[in-house]
Amino acid sequence: MYRASLNVPFPTKTHKERRTSFKNEVSKDKSVKKHFPRFPAKPEALVPYDKIDERMKQLEDYLNNLLKIKLYRNHHETIAFLEVSELSFIGALGVKGMEGPVQKRTRSAYPRTAGCNICGCCDSGLCVRCHYICGDLCATWRSRWLIVKDSFVAYIRPKDGRVKAVILFDSGFDVSSGVFTTGRRKGLHITNMSRQILLNCPTRRTAREWQAYIKDMVRQKGADFTQRNRYFSFTPVRPFVKCAWFVDGKSYMAAVATALEQAKEEIYIADWWLSPEIYMKRPALQGDYWRLDKILQRKAADGVKIFILLYKEVEMAIGINSFYSKQKLTAEGSQNIKVLRHPDHAKAGILFWAHHEKMVVIDQSLAFLGGIDLCYGRWDDYKHRLTDLGSQVDGGNKFQDFMSLSLATHALAASVLALKSNGENGNVNNNTDGDEVYMQPTEENVKCNTPELERKSLFDTVKTRGKEWMNLWSFNSDEDEDIDLVDNTKDTRNMIERERESASILTQETLVCPEMSEDDLEKGMITEEPAGSKLWVGKDYTNFILKDFENLDLPFQDLVDRTKTARMPWHDVGVMVKGTAARDLARHFIQRWNAVKLEKSKINPQYPYLLPKSYNEYSHFELPGVREISASCQVVRSLSQWSGGFIDQETWEGSIHEALVDAIAKARYYVYIENQFFISLGSQSSQVRNQVADALFKRIVRAHREGSVFRVFVVLPLLPGFEGEVGTPSGTALHAITHWNYASICRGKNSLIMRLKDAGIPDPDEYITFHGLRTHSILNKAPITELIYVHSKLLIADDRLMICGSANINDRSLLGKRDSEIAVVIEDEEFKEGQMNGATFLSGKLCGALRRFLFKEHLGILGSQQPTIDVTDPISRAFYHNVWRRIAKSNSEIYEKVFHCIPSDQIKTFKDLNNEIYYPKCLYDPEAAVKDLEGVQGHLVMFPLEFLKDEVLTPNPMGVQGMLPTSLWT
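Here the sequence shown is numbered in the numbering used here, starting from 207 and rising by one per residue.
See the structure below:
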């Protein structure tokens, strides 16, 4: 009947001859002809029992031959009968699950959009059917193809195979059928924390079959996501995960670039800020080859799908220009690079919160995360250089040059006097004497808003392209002078050739070696760069406290004058995970991408829904010089309705906070923290609600009562990373963050140190110590100094556990309802012999190695052939007091004597600022100052707990910042 319904015309003779071939099975033996099996005419009820096998063979032959005919094979009825679709046999998505046609009701994704609800009358509960009457009257039903996989449910549009929705298995996943839950006898209701759909099945039996199959799949394959996991995380603990860590941006970005080059299918990137022109490997001796946008465009041309999620900033407040980043990445016209920015502030009503994740996922098999954005200012190494003049020869030792240098490197202090001057802004020239230098603010000290993108002329375009190469190789403060693109000397040419050869050839010794020793890893991370090459090009050379970013559409134009201004070094930590943990990170990205797609580009086919891969097979990656250690791993995050697309506004996840508190509470010997902020008050505070400081307080009090040795190391930036001058109206944001940091540490009854003293601990320094990082250098033959900006989001406990990600210690990152964050909890599975308080202790090969590396870097012994300091035992009195705190105090005293740094314990009021900047030793006796600086060891200094203690640092209630909610700062 089916073939008759096709209205096939009477066949011609030629057609009859051709058709005879279809009546025989295709066989390798062409001489043997078999008749095409006809569909059995006898009803199955009349088939005797002993003929069942024969009947099955007839049906099998019939279907096999039917599928060889294109007309029948592609017919929608055949596809529906076999339950196959475009996603059925994609191996990466797992085994084929149940599939079939359904009717999907429109506007059922969110309950609030289901219909008019007849002014609330349908909520009376008088009748089950009454609740759904609005949907029956107003909604429409559309044909969809439902698919069940091992970790999600999806449906596609049959006419073109386009995925129209993806519902991930999560703790809120549920499926139900029947009139009492769906309002329809043949209804099927599927819901999770982010979406719900109402389906109508062909029969009631089909609906029950769907319900039973989905529940079985959830129980057998999806339990990892639906069960209650540790820390209330969306993923479980994953054992035997290959992990690695990276200290500072150099090693991290190099590994990311190498991994991107090996991508075969897809790349996911989520960043707070992404700079397309950032160089991932330096120096850039191969031109633009290792520039981020070039890497992505190269992979897109190879067919790799690239999806990028960027935070859409409030342009009046933050100058990261995400619109330019999106425009630049998609400018080449590649259809394989998709960029979404979120949130739309006016539409979503989200003005104060941000997407703060920093993660890269490749083929859903390898992932990087931590505190390092792929943007300007993040690339650095253990040296934390202050200058970068490239091949330019250092200038003379003129006194006026030295005075102008002192102004630039102490901009925060000098700006206080500069604001008192009545002179006009202008550039400092060589004819200006020392006194005039102090009274004139330079032009680059004045912040300008990033202008709108303008159409450039052809000449401007050529000029900009030319500057790209000029900045790579040499620096000249006069832009009108002719600049050689490359130093055409024999040594430089040889250096370029060596770099090209080393970049293109990977010897057997450079491939990933899981057995790489800790010493080998340390040597690999402290490699030297060729002399004469510039490492920070254009906007990448920055001091963002002195001057915030502007004109980002001119990436190779310097932001500050590098002949007068020191850059601000950047200290950060990142990690890499493979396998199941990488799948979990990809799952987080997919959830966020699909939520933004549904909100902003629901009907735009250029932005597809993403599908999570099965947890079966993973791509293989070779990362030169990366020491991979097996460890257990759990992904944790901060996510809420606005950032993750949850249906309920009261639904959020704060598993990072739970992990931090638990790690502190269970630590036996020490807790080491590096973080950008420390904003955490006692449990009695109503303004700050996270419990990190409270957990530290309870653990220290317990150690004091037990009489046990317990140490807490906290490393923070000496000043918040906001543009502004201390003691002036421009420093309001800087003052506000400083206030909350000190209120959490040592000022006020809810501060940690005051609470410890009130609990009967006379000397909290015995248990907890706060530090910053600072370095110094020589520019124009004069000493300079600058703080090292600590941006890490790291906690290490007992050499066995670490938490690394994007979350700061403040309410914004930890409560879950504010900024979106991602982190990973790593616990060692492999150990080596170590020491704790003089006793033998098994130290983790991953977490313990990271702690030792950081201690060596901060104490200045990294790479030393014969180190004089042993960092094996971090809690012994000999190390804690006689090494760690002694060196920090000594360095602080030297910097105070030579530079009179800001911040300082000697500056207790804004008035003291004026007294401190006149007579630093570096000005009146530079030779003695240089000799004193020889006594500095490493970068570690004490955190100045007395800084501005007699000032009120909260914003003026009558000012703009004072009218903003406190939650913005905390």
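We treat Cβ as the ideally placed atom computed from N, Cα and C, and that holds for glycine.
Here the structure is a predicted model, which is why all the values come from computation and not from measurement.
(request) Could you name the residues of the same chain whose beta carbon sits closer than 6 Å to that of residue 394, not counting the 5 residues immediately before and after it, in chain order? (result) Here residue 394 is taken as the residue at index 188 of the sequence shown, counted from 1. Answer for residue 394: 383, 405, 407, 413 and 416, listed in chain order.
(message) Just list the residues that DSSP pairs residue 978 with in beta bridges.
(response) For the purposes of this step, residue 978 is taken as the residue at position 772 of the sequence shown. Bridge partners of residue 978: 1147.
(request) Just grab the DSSP bridge partners of residue 515 for me. (result) Along the sequence shown, read from residue 1 onward, the residue named residue 515 stands at position 309. 476 and 546, per the DSSP bridge assignment.
(message) What does the alpha-carbon distance come out to for the pair residue 863 and residue 1021?
(response) For the purposes of this step, residue 863 is identified with residue 657 of the sequence shown, where counting begins at 1. For the purposes of this step, residue 1021 is identified with residue 815 of the sequence shown, where counting begins at 1. Taking the straight line joining both Cα atoms gives about 7 Å.
(message) Can you tell me which residues form a DSSP beta bridge with residue 1030?
(response) For the purposes of this step, residue 1030 is taken as the residue at position 824 of the sequence shown. DSSP lists 841 and 1010 as partners of residue 1030.
(message) Let me make sure I understand the geometry here. Which of 552, 502, 726 and 507 has the alpha-carbon closest to that of residue 531?
(response) For the purposes of this step, residue 531 is identified with residue 325 of the sequence shown, where counting begins at 1. Selection 552, 502, 726 and 507 evaluated against residue 531 yields 502 as nearest (Cα-Cα).
(request) Starting from the Cα of residue 491, find the closest Cα among 742, 280 and 986 and give me that residue. (result) Within the sequence shown, the letter at position 285 stands for residue 491. Cα-wise, what sits closest to residue 491 is 742.
(request) Going by CA-CA distance only, name the one from 946, 1060, 1078 and 994 that's closest to residue 1017. (result) Taking the sequence shown and counting its residues from 1, one reaches residue 1017 at position 811. With distances taken between Cα atoms, residue 1017 lies closest to 946.
(message) Going by DSSP in three states, residue 1041 sits in which element: helix, strand or coil?
(response) If you number the sequence shown from 1, residue 1041 lands on position 835. Residue 1041: strand per DSSP, three-state reduction.
(message) Check whether the stretch 969 to 986 and the stretch 916 to 928 touch, using three or more Cβ-Cβ pairs below 8 Å as the test.
(response) Taking 8 Å as the limit for Cβ pairs, the verdict is that the stretch 916 to 928 does touch the stretch 969 to 986.
(request) Taking 8 Å as the threshold, find out whether the stretch 985 to 1003 comes into contact with the stretch 824 to 842 through three or more Cβ pairs. (result) No: the two stretches stay apart, fewer than three of their Cβ pairs being nearer than 8 Å.
(request) Determine the extent of the beta strand (DSSP E) in which residue 877 is found, giving its start and end residues. (result) Counting from 1 along the sequence shown, the entry for residue 877 is found at position 671. Counting along the chain, the unbroken beta strand (DSSP E) around residue 877 starts and ends at 876 to 880.
(request) Tell me whether the beta-carbon of residue 784 lies closer than 8 Å to the beta-carbon of residue 572. (result) The residue you call residue 784 lines up with position 578 of the sequence shown. The residue you call residue 572 lines up with position 366 of the sequence shown. The answer is yes: Cβ separation under 8 Å.
(message) In this structure, how does DSSP classify residue 924 when only helix, strand and coil are distinguished?
(response) To locate residue 924, count along the sequence shown from 1; it is residue 718. For residue 924, the three-state secondary structure derived from DSSP is coil.
(request) Decide yes or no for the touch test of the stretch 880 to 887 against the stretch 1008 to 1016: beta carbon pairs closer than 8 Å, at least 3 of them. (result) Yes, they touch.
(request) Only counting runs of 4 or more residues, tell me where the alpha helix (DSSP H) segments fall wholly within the stretch 247 to 281, in order along the chain. (result) Positions of the alpha helix (DSSP H) runs, each at least 4 residues long and wholly inside the stretch 247 to 281, are given as 258 to 273 and 276 to 279 in order along the chain.
(request) Flag this pair as yes or no: are the beta carbons of residue 1026 and residue 845 separated by less than 8 Å? (result) Here the question's residue 1026 lines up with position 820 in the sequence shown. Here the question's residue 845 lines up with position 639 in the sequence shown. Yes, the Cβ-Cβ distance between residue 1026 and residue 845 is below 8 Å.
(message) I'd like the list of long-range same chain contacts for residue 929, defined as Cβ closer than 7 Å, with 5 residues on each side in sequence excluded.
(response) Walking along the sequence shown from the start, residue 929 turns up at place 723. Cβ contact annotation for residue 929 (same chain, cutoff 7 Å, sequence separation greater than five): 653, 750, 751, 753 and 754, in chain order.
(request) Could you have a look at residue 559 and say whether DSSP puts it in helix, strand or coil? (result) Translated into positions along the sequence shown, residue 559 becomes position 353. In the structure shown, residue 559 sits in coil (DSSP, three-state: anything other than H, G, I, E or B).
(request) Quick one: residues in its chain with C-beta nearer than 7 Å to the C-beta of residue 963, no 5 flanking neighbours on either side, listed in chain order? (result) In the sequence shown, residue 963 corresponds to position 757, counting from 1. Once the five neighbours on either side are set aside, the close Cβ partners of residue 963 are 970.
(request) Determine the contact status of residue 249 and residue 264, defining contact as a CB-CB distance below 8 Å. (result) As a first step, residue 249 must be located in the sequence shown, where it is residue number 43. As a first step, residue 264 must be located in the sequence shown, where it is residue number 58. Against a cut-off of 8 Å, the Cβ pair of residue 264 and residue 249 comes out as no contact.
(message) Using the three-state DSSP reduction, which class does residue 994 fall into: helix, strand or coil?
(response) As a first step, residue 994 must be located in the sequence shown, where it is residue number 788. Coil.
(message) Closest to residue 1060 by C-alpha separation, out of 1072, 1154, 1076 and 1138, would be which residue?
(response) Here residue 1060 refers to the residue found at position 854 of the sequence shown. Looking at 1072, 1154, 1076 and 1138, the one whose alpha-carbon comes closest to that of residue 1060 is 1076.
(request) Say whether the stretch 867 to 876 touches the stretch 896 to 904, bearing in mind that this needs 3 or more beta-carbon pairs closer than 8 Å, one atom from each stretch. (result) They touch, by the three-pair rule.
(request) Could you check the C-alpha separation between residue 933 and residue 1162 for me, to the nearest Å? (result) Counting from 1 along the sequence shown, the entry for residue 933 is found at position 727. Counting from 1 along the sequence shown, the entry for residue 1162 is found at position 956. Each residue's alpha carbon lies about 13 Å from the other.
(request) Return the first residue and the last residue of the beta strand (DSSP E) that residue 407 is part of. (result) As a working note, residue 407 is residue 201 in the sequence shown. Counting along the chain, residue 407 falls outside any beta strand (DSSP E), and DSSP gives it neither H nor E.
(message) Please list the terminal residues of the continuous beta strand (DSSP E) segment that includes residue 309.
(response) The residue labelled residue 309 in the question sits at position 103 within the sequence shown. First-last of the beta strand (DSSP E) with residue 309: 305 to 311.
(request) Could you tell me the boundaries of the beta strand (DSSP E) in which residue 464 lies? (result) Residue 464 sits at position 258 when you count from the first residue of the sequence shown. In the DSSP assignment, residue 464 falls outside any beta strand (DSSP E) and within the unbroken alpha helix (DSSP H) covering 455 to 467.
(request) Output the boundary residues of the alpha helix (DSSP H) element that contains residue 1177. (result) Examination of residue 1177 is not possible in this model, given that the chain is present from 207 through 1176 alone.
(request) Compare the C-alpha of residue 763 against each of 908, 771, 746 and 777 and name the closest. (result) On the sequence shown, position 557 is the one that residue 763 refers to. Measuring from the Cα of residue 763, the nearest candidate turns out to be 746.
(message) What does the Cβ neighbour count give for residue 1085, buried or exposed, with the cut at 16 atoms within 10 Å?
(response) Within the sequence shown, residue 1085 is the residue found at index 879, counting from 1. That one is buried.
(request) Closer than 7 Å by C-beta to residue 363: which residues in its own chain qualify, once you throw out the five before and the five after it? Chain order, please. (result) Within the sequence shown, numbered from 1, the residue matching residue 363 stands at position 157. 350 and 370, listed in sequence order.
(request) Return the CA-CA distance between residue 1134 and residue 789, expressed in angstroms with no decimal places. (result) The count along the sequence shown starts at 1 and reaches residue 1134 at position 928. The count along the sequence shown starts at 1 and reaches residue 789 at position 583. One C-alpha to the other measures close to 57 Å.
(message) Applying the 10 Å Cβ sphere with the 16-neighbour rule, what's the burial state of residue 579?
(response) Here residue 579 is taken as the residue at index 373 of the sequence shown, counted from 1. Classification for residue 579: buried.
(request) Kindly indicate which residue of 306, 968 and 1010 has the alpha-carbon position closest to the one of residue 285. (result) Start at 1 with the first residue of the sequence shown, and residue 285 comes out as number 79. It is 306.
(request) Note the first and the last residue of the continuous beta strand (DSSP E) segment covering residue 1179. (result) Residue coverage of the chain in this structure runs from 207 to 1176, which leaves residue 1179 outside it and unanswerable.
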